[in-house]
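Visitor: The structure that follows is given in the form of structure tokens.
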Amino acid sequence: MSPALRAFAAHADEALARALPPVEQPPARLHQAMHYAVTGGGKRMRPLLVYATGTAFGASLARLDAAAVAVEIIHAYSLVHDDLPAMDDDALRRGRPTCHIAFGEAMAILAGDALQALAFEILTDAGLNGIDAATRLEMLRVLAGACGSHGMAGGQAFDLSAVGQRLSVEELERMHVHKTGALIRASVRLGALAAGCTDAGTLDALERYAHCAGLAFQIRDDILDIEGNPAQIGKTPGKDAAQSKPTYPAIIGLQASTRHLAELTAQALQSIAPLGESARDLRDLARFIAERES
């Protein structure tokens with residue numbers, strides 16, 4: 003990861019810590035679970051996308067903080083619920099016990115619920131560094147759309163129904179365009195909106211970039227589930243195969259998956275080529291997504 007991206011990640015951690023309710027504030031156990039879910043590490047990929055997009059159009063990090071924090075909090079809530087016994091039933095996340103293992107299943111569900119509500123509360127703040135009400139409303143619409151049945155929740159529903167099934171590549175892509183890709187596309191769109199970017203052609207180019215980056219992210223995840231070191235990836239490797247979940251390597255093979263990852267990365271880079279040097283951080287992010295070890 004480049005120094006600029008590392009600086010974005012550190013800034014995101016600080017903004018997230020400010021946004022969460024104090025752990026000692028009642029109901030303390032719930033607030034502790036919320037902090038545990040959000041602040042326990044992670045790549046901060048979605049805030050990085052917000053910051054890299056917004057700063058490409060001249061926005062300050064402070065202007066982008068609310069969008070970056072909101073989208074990461076949504077991501078954290080989704081992980082808490084994905085790990086539950088009724089969903090992926092995982093005991094390890096980011097190298098430590100999952101939220102329901104650490105706090106109990108009921109408290110983990112409540113933590114996820116509270117985090118989702120908090121994300122939208124953050125975006126409604128009238129003091130969002132000069133972002134007008136109409137833009138804040140559009141940001142709420144974008145984030146809500148990325149979370150619902152046509153976004154992340156719908157993708158999880160596709161995922162649950164696909165266990166043990168033989169999917170086509172098109173069906174697998176549809177699942178990941180919803181489950182992983184929707185929030186990644188929203189991160190890029192939120193960064194552009196917060197920065198005041200309204201040019202339709204530029205927004206379309208960013209959408210293409212985010213679409214390719216989101217699929218590339220998932221393919222790299224699938225490859226790491228086979229090749230990854232548990233100490234590096236921070237979760238249980240081989241779990242997808244053990245649960246008969248459809249993945250790119252399972253459907254098209256590991257070599258073809260690696261080739262497709264390279265193709266998507268090239269397409270993502272080509273999409274933002276017209277932005278020139280201002281898109282440097284977005285280019286670095288696309289390469290990081292394709293090459294990451296965790």
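In terms of our numbering, the sequence shown opens at residue 3 and continues consecutively. We treat Cβ as the ideally placed atom computed from N, Cα and C, and that holds for glycine. Computed from a predicted structure; not experimentally measured.
Which residue spans inside the segment 161-233 form an unbroken alpha helix (DSSP H) run of at least 4?
Guide: Counting only runs of 4 or more, we get 171-181, 183-196 and 202-229.
Visitor: Would the segment 81-94 and the segment 56-70 be scored as touching if the rule is three or more Cβ pairs under 8 Å?
Guide: They do not touch, by the three-pair rule.
Visitor: Alpha carbon to alpha carbon, how far is His262 from Arg138? Give it in angstroms, no decimals.
Guide: Cα to Cα, the separation comes out at about 36 Å.
Visitor: Pull the bridge partners of Leu94 from the DSSP assignment, please.
Guide: Paired residues: Pro99.
Visitor: Could you say which of Ile76, Asp161, Leu112 and His33 lies nearest to Arg46 if we only look at CA atoms?
Guide: Comparing Cα positions, the closest option is Ile76.
Visitor: Check each candidate in Ala116, Ala58, Arg294 and Arg187 and name the one with the smallest Cα separation from Met154.
Guide: Out of Ala116, Ala58, Arg294 and Arg187, Arg187 has the C-alpha closest to the C-alpha of Met154.
Visitor: Mapping DSSP to helix, strand and coil, what is Met154?
Guide: Residue state, collapsed to three classes: helix.
Visitor: Within its chain, find whatever has a CB closer than 7 Å to the CB of Ser80; leave out the 5 residues flanking it on each side and keep chain order.
Guide: Taken in chain order, the residues that qualify are Met154.
Visitor: Under 8 Å, do Leu266 and Thr55 count as touching if we go by C-beta distance?
Guide: The answer is no: Cβ separation not under 8 Å.
Visitor: With distance defined between alpha-carbon atoms, name the residue in Ala30, Leu7 and Val71 nearest to Ala19.
Guide: Comparing Cα positions, the closest option is Val71.
Visitor: Buried or exposed for His180, please, with buried defined as at least 16 other CB atoms from any protein chain shown within 10 angstroms of its CB.
Guide: His180 should be labelled buried.
Visitor: Keeping to the same chain, check which residues put their C-beta closer than 7 Å to that of Gln269; ignore five residues upstream and five downstream.
Guide: Answer for Gln269: Cys214, listed in chain order.
Visitor: CA-CA distance, Glu229 and Ala281?
Guide: Those two C-alpha atoms are separated by around 31 Å.
Visitor: Determine the burial state of Glu16: buried for a count of at least 16 other Cβ atoms within 10 Å of its Cβ, exposed for fewer.
Guide: That one is exposed.
Visitor: Going by the beta-carbon positions, is the gap between Ile225 and Leu256 smaller than 8 Å?
Guide: Contact flag set, yes.
Visitor: Which of the three DSSP states is assigned to Val71 in this structure?
Guide: Helix at Val71.
Visitor: Any beta-carbon of chain D closer than 8 Å to the one on Gly203?
Guide: As a matter of chain content, chain D is missing from the structure shown, which is built from one protein chain.
Visitor: Using 8 Å for Cβ pairs, my map puts Ala196 next to Met141. What's the rounded Cβ distance?
Guide: At roughly 7 Å, the Cβ-Cβ gap stays under 8 Å, so Ala196 and Met141 are in contact.
Visitor: May I have the straight-line CA-CA distance separating Ile291 from Ser163, to the nearest angstrom?
Guide: Distance between the alpha carbons of Ile291 and Ser163: 27 Å.
Visitor: If you reduce the DSSP assignment to three classes, tell me which class Ile274 lands in.
Guide: Ile274: coil per DSSP, three-state reduction.
Visitor: Using CA atoms only, rank isn't needed, just tell me which of Thr260, Tyr53, Ala108 and Asp127 is closest to Asp286.
Guide: Ranking Thr260, Tyr53, Ala108 and Asp127 by Cα distance to Asp286 puts Tyr53 first.
Visitor: Do Tyr211 and Ser170 have their beta-carbon atoms positioned less than 8 Å apart in this structure?
Guide: No.
Visitor: Taking DSSP as the reference, what is the three-state secondary structure of Gly132?
Guide: Gly132 falls in the coil class under three-state DSSP.
Visitor: Per DSSP, what kind of secondary structure is Ala88 in: helix, strand or coil?
Guide: Of the three classes helix, strand and coil, the one that applies to Ala88 here is coil, per DSSP.
Visitor: Helix, strand or coil for Ala61? Go by DSSP, reduced to three states.
Guide: Residue state, collapsed to three classes: coil.
Visitor: DSSP three-state call for Leu22: helix, strand or coil?
Guide: DSSP places Leu22 in coil when its eight states are reduced to three.
Visitor: Between the beta-carbon of Leu7 and the beta-carbon of Gly193, is there less than 8 Å?
Guide: Contact flag unset, no.
Visitor: Secondary structure at Ser259, three-state DSSP: helix, strand or coil?
Guide: Looking at Ser259 - three-state DSSP - the assignment turns out to be helix.
Visitor: Which residues in the same chain as Ala110 place their Cβ atom closer than 7 Å to its Cβ, once the five residues preceding and following it in sequence are excluded?
Guide: Here the set comprises Ala35, Val82, Leu86, Cys101 and His102.
Visitor: By Cβ distance below 7 Å, which residues in the same chain neighbour Ala93 in space, the five residues on each side in sequence not counted?
Guide: Within the same chain, Ala93 has close Cβ partners Pro99, Thr100 and Ile103.
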